[in-house]
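Chemist:
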Amino acid sequence: RGFVLGSMSFGHGISHLYDLGFPLILRNIAEVLGYSDLRVAVLFSIRQAGSGVVNLVGGPLVDMLKDHWGLILTCCMIWSALTFIIMGASPNFTVLVIAVLLISIPGSLWHLPAAAALSQRFPDRRGFAITIHGTVANACNYLGPLLAGALLTVWLWRYVLFIYAAPAAVMAVFVWWSLKDVGREEGKGEVRRGLGVQLQYSRTVLKNPVVLGLLSAAMLRGIGLGAVSHWTPFYLTDEDRGLDMGYIWAGVHLGLLAGMGVISGPILGPLSDRIGRKTVIVPGFVAAGALSMAVVATGDSLLLLLVFAGMGLFTFALHHIIQAAVLDVVGRGTEATAIGLIFGLSGLVGIASPFLASQVIIKHLGGYGTIYYYAGILTLIPAVIVLFIPLRPKVPELTEAG
Numbered sequence: 009r010g011f012v013l014g015s016m017s018f019g020h021g022i023s024h025l026y027d028l029g030f031p032l033i034l035r036n037i038a039e040v041l042g043y044s045d046l047r048v049a050v051l052f053s054i055r056q057a058g059s060g061v062v063n064l065v066g067g068p069l070v071d072m073l074k075d076h077w078g079l080i081l082t083c084c085m086i087w088s089a090l091t092f093i094i095m096g097a098s099p100n101f102t103v104l105v106i107a108v109l110l111i112s113i114p115g116s117l118w119h120l121p122a123a124a125a126l127s128q129r130f131p132d133r134r135g136f137a138i139t140i141h142g143t144v145a146n147a148c149n150y151l152g153p154l155l156a157g158a159l160l161t162v163w164l165w166r167y168v169l170f171i172y173a174a175p176a177a178v179m180a181v182f183v184w185w186s187l188k189d190v191g192r193e194e195g196k197g198e199v200r201r202g203l204g205v206q207l208q209y210s211r212t213v214l215k216n217p218v219v220l221g222l223l224s225a226a227m228l229r230g231i232g233l234g235a236v237s238h239w240t241p242f243y244l245t246d247e248d249r250g251l252d253m254g255y256i257w258a259g260v261h262l263g264l265l266a267g268m269g270v271i272s273g274p275i276l277g278p279l280s281d282r283i284g285r286k287t288v289i290v291p292g293f294v295a296a297g298a299l300s301m302a303v304v305a306t307g308d309s310l311l312l313l314l315v316f317a318g319m320g321l322f323t324f325a326l327h328h329i330i331q332a333a334v335l336d337v338v339g340r341g342t343e344a345t346a347i348g349l350i351f352g353l354s355g356l357v358g359i360a361s362p363f364l365a366s367q368v369i370i371k372h373l374g375g376y377g378t379i380y381y382y383a384g385i386l387t388l389i390p391a392v393i394v395l396f397i398p399l400r401p402k403v404p405e406l407t408e409a410g
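With the sequence shown counted from 1, adding 8 to any position gets you my numbering.
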């Protein structure tokens with residue numbers, strides 16, 4: 009299971025190499041093509057919608073198609089390579105919208121079989137497995153903005169996207185070689201469920217009050233986190249309403265928002281296995297919300313780097329622990345459905361967030377910097393929600409028989 013965790017984490021990292029670099033690339037697209045904040049909001053919203061639909065629809069299907077998890081993971085890499093090329097070749101805004109919709113699919117789909125397989129292979133160390141899987145992604149989320157910032161100083165966004173296609177194409181071969189049997193091994197001896205039965209299990213998951221509470225917390229946190237990742241490049245690089253940084257320096261700051269999870273993920277995940285999810289999640293949300301609200305006050309100083317680094321410690325690590333908390337509760341065979349609900353509801357509810365951010369908060373409440381207050385509030389509310397959810401104190405260890 010260690011080999012599967014390592015291979016899956018490596019593939020996950022490559023799938024995220026582009027993820028946090030996307031807002032920086034979109035900033036360059038808007039600058040080169042003269043797009044308004046409203047058009048940028050449309051692209052962010054399309055990305056959210058695509059992710060939401062894929063997760064909600066894909067969850068039950070992935071649980072049902074367990075024998076094909078390896079093929080699904082491989083197709084995610086192939087799809088990523090193709091969509092990078094399509095987006096880079098987009099001749100106009102309409103095609104760009106379609107490309108952004110297509111590019112939202114593979115990254116979202118990857119989490120479903122990956123989280124389900126890891127949950128089943130690591131029932132005793134679920135927080136550890138999920139956060140390690142996310143930690144490698146955090147490392148690539150850090151490298152992504154740095155790579156994007158460096159490439160954008162030399163080439164236009166189109167060529168950067170063409171370059172991005174290469175790692176995804178190479179990883180498709182590696183993922184198929186190392187993970188082609190994932191799902192088949194976990195599913196030995198299990199009775200296969202039809203789609204109708206799987207959907208019934210999905211409704212059962214949604215009726216669980218603990219799951220509903222965790223989904224609500226993850227959804228609000230996800231919307232706030234999306235706002236920060238979307239608009240931070242604009243805050244950092246805009247001359248009139250931001251800090252007027254260059255792309256490389258902006259990439260350094262943006263990378264810290266995810267890259268610090270390389271440090272915190274391997275610590276917080278296993279810690280949540282030992283002392284309980286809530287004990288880690290609630291203080292983490294409070295710290296993340298407070299740091300978000302401190303961003304604007306630091307201005308363009310060394311302190312801003314430290315605040316971003318502090319935010320990065322909790323950016324994705326806490327989300328991974330919430331996933332582990334949900335997987336602690338749901339039954340075997342519904343793991344992908346549960347993860348799909350976490351990402352899917354966040355994506356669908358978050359469709360309106362880019363428009364709220366661009367047309368209300370940024371336009372009328374003080375510019376790009378006000379996004380951090382908005383995100384801070386949406387992070388503190390989940391802390392209160394999780395505080396009152398009856399989570400078990402710690403994950404029980406497996407017996408020798410189990």
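Ideal Cβ placement from N, Cα and C applies to all residues, glycine included.
Where does P153 fall in DSSP's three states?
Modeler: helix
Chemist: Just the C-alpha distance for L276 and V334, rounded to the nearest angstrom, thanks.
Modeler: Taking the straight line from one Cα to the other gives about 16 angstroms.
Chemist: Measuring alpha carbon to alpha carbon, tell me which residue in T212, R133, D27, L310 is nearest R282.
Modeler: R133
Chemist: Should P291 go down as buried or exposed, given a rule of 16 or more other Cβ atoms within 10 Å for buried?
Modeler: exposed
Chemist: Comparing alpha-carbon positions, which option in R129, L220, A97, Y255 lies nearest P153?
Modeler: Y255
Chemist: Give the DSSP-derived three-state secondary structure of D132 in the structure shown.
Modeler: Reduced to three states, the DSSP call for D132 is coil.
Chemist: Would you kindly work out how many angstroms separate the C-alpha atoms of M95 and I111, rounded to a whole number?
Modeler: 8 angstroms
Chemist: Span of the alpha helix (DSSP H) holding A365?
Modeler: Taken as a continuous stretch (DSSP letters only), A365 belongs to no alpha helix (DSSP H), as it is neither H nor E.
Chemist: Out of T345, A226, Y172, D246, which one is the CA nearest neighbour of T212?
Modeler: T345
Chemist: State the Cα-Cα distance for the pair S361 and V304, rounded to the nearest angstrom.
Modeler: 20 angstroms
Chemist: Verify whether the separation of the beta carbon atoms of T323 and A365 is less than 7 angstroms.
Modeler: no
Chemist: Please report the straight-line C-alpha distance between F136 and F101, rounded to a whole angstrom.
Modeler: 42 angstroms
Chemist: Three or more beta-carbon pairs under 8 angstroms between the segment 154-163 and the segment 26-42, yes or no?
Modeler: yes
Chemist: Can you list, in chain order, the residues of its chain whose CB lies under 7 angstroms from that of T387, leaving out five sequence neighbours each side?
Modeler: R229, G232, F293, A296, G297, S300
Chemist: Determine, using beta-carbon pairs with one atom in the segment 58-69 and one in the segment 172-187, whether at least three such pairs fall under 8 angstroms.
Modeler: Contact between the segment 58-69 and the segment 172-187 is absent: fewer than 3 CB-CB pairs across the two stretches fall below 8 angstroms.
Chemist: Short check: CB of I138 to CB of Q367, under 7 angstroms?
Modeler: No, these two residues do not count as a Cβ contact at 7 angstroms.
Chemist: Can you give me the Cβ contacts of A145 inside the same chain, cut-off strictly under 6 angstroms, excluding the 5 residues immediately before and after it?
Modeler: Counting only Cβ-Cβ distances below 6 angstroms, and skipping sequence neighbours, we find H20, G21, H24.
Chemist: Find the nearest neighbour of H238 within the set F18, L28, F11, S17, judged by alpha-carbon distance.
Modeler: L28
Chemist: At the level of alpha carbons, what is the spacing between I93 and T287?
Modeler: 44 angstroms
Chemist: For A147, collect the residues of the same chain with a Cβ closer than 7 angstroms to its Cβ; drop the 5 residues on either side in sequence, then sort them by chain order.
Modeler: G21, G267, V270
Chemist: Round the Cβ separation of R192 and D75 to the nearest angstrom and send it over; I've been treating them as touching at under 8 angstroms.
Modeler: 5 angstroms
Chemist: Out of curiosity, what's the CA-to-CA distance linking S116 and L69?
Modeler: 14 angstroms
Chemist: Rounding to the nearest angstrom, what Cα-Cα distance links G82 and H372 in this structure?
Modeler: It should be pointed out that residue 82 corresponds to Thr in this sequence rather than to Gly. The straight-line gap from Cα to Cα measures roughly 45 angstroms.
Chemist: Please state whether DSSP places V290 in a helix, a strand or coil.
Modeler: helix
Chemist: In angstroms with no decimal places, state the Cα-to-Cα distance between P390 and V183.
Modeler: 35 angstroms
Chemist: Would you kindly work out how many angstroms separate the C-alpha atoms of V315 and W165, rounded to a whole number?
Modeler: As the crow flies, the alpha-carbon of V315 is around 29 angstroms from that of W165.
Chemist: What residue from F18, T143, G355, T342 has the CA that sits closest to V178's CA?
Modeler: If we check each option's Cα against that of V178, F18 comes out closest.
Chemist: Taking all protein chains shown into account, do 16 or more other C-beta atoms lie within 10 angstroms of the C-beta of F396, making it buried, or fewer, making it exposed?
Modeler: exposed
Chemist: Does DSSP classify Y43 as helix, strand or coil?
Modeler: coil
Chemist: At which residue ranges does the segment 226-304 contain complete alpha helix (DSSP H) runs of 4 or more residues, listed in the order of the chain?
Modeler: 255-267, 269-283, 285-301
Chemist: Which residue from L13, V12, F11, V394 puts its Cα closest to that of P217?
Modeler: V394
Chemist: In the segment 66-153, which residue ranges form an unbroken beta strand (DSSP E) of at least 3 residues, counting only runs that do not cross its ends?
Modeler: none
Chemist: Take A49 and list the residues in its own chain whose beta-carbon comes closer than 8 angstroms to its own, dropping the five residues that flank it on each side.
Modeler: P362, F363, A365, S366, Q367
Chemist: Rounding to the nearest angstrom, what Cα-Cα distance links H328 and L310 in this structure?
Modeler: 29 angstroms
Chemist: Skipping 5 residues on each side, what residues in its chain have a beta carbon closer than 7 angstroms to that of G348?
Modeler: N63, L64, G66, G67, L120
Chemist: Could you give the distance in angstroms between the alpha-carbon of A124 and the alpha-carbon of P99?
Modeler: 39 angstroms
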